[in-house]
Amino acid sequence: MAKNYYITTPIYYPSAKPHMGHAYSSIIADFFARFKRIQGYNVFYLTGTDEHGQKIERAAKENNKDTLLFCNEISQIFKDLTKKLNLSNNDFIRTTEDRHKKSATNIWNILEKKGEIYLSKYSGWYSVSDEAFYSEDEIEDIDGKKQSISSGSPVEWVEEESYFFKLSKWQESLLKFYSENENFILPISRKNEVISFVKSGLKDLSVSRKSFKWGIPVPSNSDHVMYVWLDALTNYLSALNYPNENDKLYKDFWPADLHIIGKDILRFHAVYWPAFLLAAGIKPPKRVYGHGWILSGDQKMSKSKGNILDPLQIIQTYGLDPLRYYLIKEVSFGNDGNISEEKLENCINSDLANNYGNLCQRVISFCEKNANLKISESINFTDNDKSILSIYEKKFDEILKFIDKQDINSYINFIVTQLFAANKYFNDEAPWKKKSDELRLNTIIYTSLELIRKVTILLYPIIPATSLKVLKSFGIEEKDLKFETIIDHNYIKKGSKIKKIGILFKKI
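In this note's numbering, the protein residues as written are 94 to 601.
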């Protein structure tokens with residue numbers, strides 16, 4: 094019986110133009126979802142759009158559109174993006190859907206019934222752009238204008254009646270939860286940041302707004318709408334048909350295995366979210382991973398800074414798989430990463446065209462010229478052949494640990510090392526000099542093809558379209574992909590014929 098695995102990206106604020114940060118979070122989550130599927134897991138991968146709040150309401154007015162119509166149009170852009178990024182998501186949740194409203198309303202009712210929510214008055218700094226409240230020490234004055242230190246977004250002073258969640262009450266419970274679940278927050282630097290924030294003292298959190306109407310009404314007081322983060326975070330439950338806790342999706346997949354998020358929304362996911370859930374008597378997710386920002390130069394990409402690189406334009410120019418590979422390899426997961434077209438072109442030329450594409454092309458072309466694309470029935474591995482093939486067996490458990498720790502950097506370093514090793518093996522064995530020794534010639538070809546198959550399985554979660562093109566040349570379909578086959582050194586059928594492949598990646 095397959096194990097279940099639930100992975101999510103944040104549901105995105107539907108800006109009219111998705112940026113590289115949206116693409117990055119989604120591609121990373123898709124990487125883990127695809128790997129877990131070939132590992133044999135029953136995977137549920139969720140993404141979607143966060144469509145409530147003052148920011149949305151203002152944007153709709155600026156565009157002279159009905160707010161829901163505006164959301165429908167913009168959300169569709171993000172839904173289309175999932176196809177353009179070749180994401181394997183199982184669901185796309187919108188916070189304007191009835192199933193989500195039902196879920197968020199239920200959480201509110203539980204918290205209110207348990208006495209975790211009370212009515213008072215809020216006064217303080219608020220960023221409409223971030224949909225976040227900031228304390229005095231979290232803002233700065235730049236040329237007479239107040240803004241958030243962390244995001245650079247403008248803040249405004251707000252005073253209004255508000256419902257509050259008793260966050261301060263959960264300070265010690267959260268610290269205890271972090272201690273008992275030491276890998277709940279990764280990487281460690283983010284965990285330390287969160288623990289430091291919680292230890293500094295938690296204040297009760299405003300969880301409703303009265304100054305605008307675009308949101309889910311507070312069940313007991315329709316003058317208020319739910320604060321967007323109490324509303325939006327509940328999406329992870331909504332997609333599993335919560336509040337029906339007997340539903341198969343909920344029973345199979347909650348608590349979530351992994352929330353992939355940007356570090357700028359770490360506090361919401363690693364402090365507020367588990368506090369809401371603990372207070373409601375619901376198990377928190379197993380892990381929150383806060384990755385870094387995609388930078389343009391030395392600045393975070395953002396619409397307000399006007400430094401956005403359009404992922405769709407990059408895909409149109411260079412192709413999707415090169416972008417996926419570049420983001421996963423060159424942006425050290427967990428840290429900020431700089432992206433430029435120059436670095437992307439270097440990556441395509443060195444890693445994809447020269448290292449991987451050239452290996453596939455050379456070996457399969459050689460097989461065509463010297464064996465008519467037919468796999469020999471007679472193979473006799475030497476110690477050298479066995480040594481290079483067996484590295485996958487030796488590293489099998491370690492690769493799985495890389496995935497379970499979200500250590501993408503070590504995972505892809507292993508792939509690059511094996512690509513160099515496979516190229517070196519083919520060069521050193523020089524099958525073009527062994528044409529008089531048919532058994533040795535065929536064994537070198539077979540070993541090289543097996544090395545390509547193994548490394549391509551590891552590349553599949555990163556560059557799925559290209560990997561499937563290569564694997565299909567061996568007669569392997571996506572539904573048959575299994576990670577465990579990388580330890581099988583005789584997987585390609587003897588006596589079978591492989592298919593030619595064209596150029597996988599054109600050099601820039």
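We put the beta carbon where it would ideally sit given N, CA and C, even for glycine. As the structure is a prediction and not an experimental result, all values here were calculated from the model.
If the criterion is Cβ atoms closer than 8 Å, does the pair residue i and residue j meet it?
i, j, result
"A126", "Y138", "yes"
"Y632", "I210", "Because residue 632 is not part of the residues shown, which for the chain are 94 to 601, the question remains open."
"Y320", "S301", "yes"
"D414", "T175", "no"
"A372", "L267", "no"
"C164", "I186", "no"
"K467", "K590", "yes"
"I596", "Q409", "no"
"L342", "I120", "no"
"L295", "L260", "yes"
"S541", "V424", "no"
"L534", "N439", "no"
"F226", "S289", "no"
"F598", "I538", "no"
"P103", "I358", "yes"
"W218", "V311", "no"
"K344", "W386", "no"
"L574", "I556", "no"
"V287", "Q264", "no"
"T189", "L161", "yes"
"I580", "E461", "no"
Taking DSSP's pairing of strands, which residues face residue i in a bridge?
i, result
"F226", "Y219"
"Y211", "F257"
"L362", "The sequence given here places His at residue 362; Leu does not occur at that position. Note: H362 sits in no beta bridge, so no partner."
"F137", "Y99"
"N339", "None; N339 has no bridge partner."
"F185", "T140"
"G430", "I387"
"M319", "S301"
"W250", "W218"
"Y449", "For Y449, which the question treats as bridged, DSSP gives no partner whatsoever."
"E522", "Bridge partners of E522: none, in fact."
"H352", "T101 and V381"
"I235", "K238"
Using a Cβ-Cβ cut-off of 7 Å (strictly less than) and excluding sequence neighbours within five positions of residue i, which residues of its own chain qualify?
i, result
"L532", "S471 and N473"
"F507", "K488 and I492"
"G568", "S589"
"I309", "H145, K194, A197, T198, V318, M319 and D324"
"Y105", "H115, T142, D143 and F171"
"N431", "L388"
"P554", "F124, R127 and F128"
"I232", "W218, K239, Q240, S241, I242 and V248"
Pop quiz: residue i and residue j are said to be a contact at Cβ under 8 Å. What is the actual Cβ separation, rounded to whole angstroms?
i, j, result
"K101", "A349", "Note on identity: in this sequence residue 101 is Thr, with Lys being the wrong assignment. Right, the Cβ-Cβ distance comes to about 6 Å (below 8 Å), so this counts as a contact."
"H384", "G412", "With a Cβ gap of about 23 Å, H384 and G412 do not count as contacting."
"I505", "K422", "5 Å"
"W366", "E224", "About 14 Å; that fails the 8 Å criterion."
"K587", "S469", "7 Å"
"N520", "N448", "Their Cβ separation, rounded to whole angstroms, is 13 Å, which puts N520 and N448 out of contact at 8 Å."
Residues in the same chain with beta-carbon distance under 8 Å from residue i, minus the five sequence neighbours each way, listed in chain order, please.
i, result
"S222", "K148, S244, S246, P247 and S397"
"K436", "Y419 and E423"
"L212", "E254, S255, Y256, F257 and N314"
"I481", "A514, A515, Y518, T540 and L544"
"N334", "R192, D340, L342 and Y343"
"L204", "I210, F258, F369, A372 and A373"
"K527", "R533, L534 and I537"
"I484", "Q511 and A514"
Note down, in chain order, each residue of its chain lying with its Cβ closer than 6 Å to the Cβ of residue i, except the 5 sequence neighbours on either side.
i, result
"F667", "Any property of residue 667 remains undetermined from this structure, which presents the chain solely from 94 to 601."
"K600", "N442 and A446"
"D184", "L139 and A332"
"L351", "I100 and R380"
"E252", "S216"
"V136", "Y98, A126, K129 and R130"
"L552", "S560"
"Y382", "L279, I353 and Q499"
"D58", "Shown here, the chain extends from 94 to 601; a query on residue 58 therefore has no answer."
"S566", "I591, K592 and I594"
"E522", "I537"
Is residue i a contact residue of the ligand MN, with contact defined as CB to any heavy atom under 7 Å?
i, result
"L204", "What this structure holds is no ligand at all, so the ligand MN is not there to describe."
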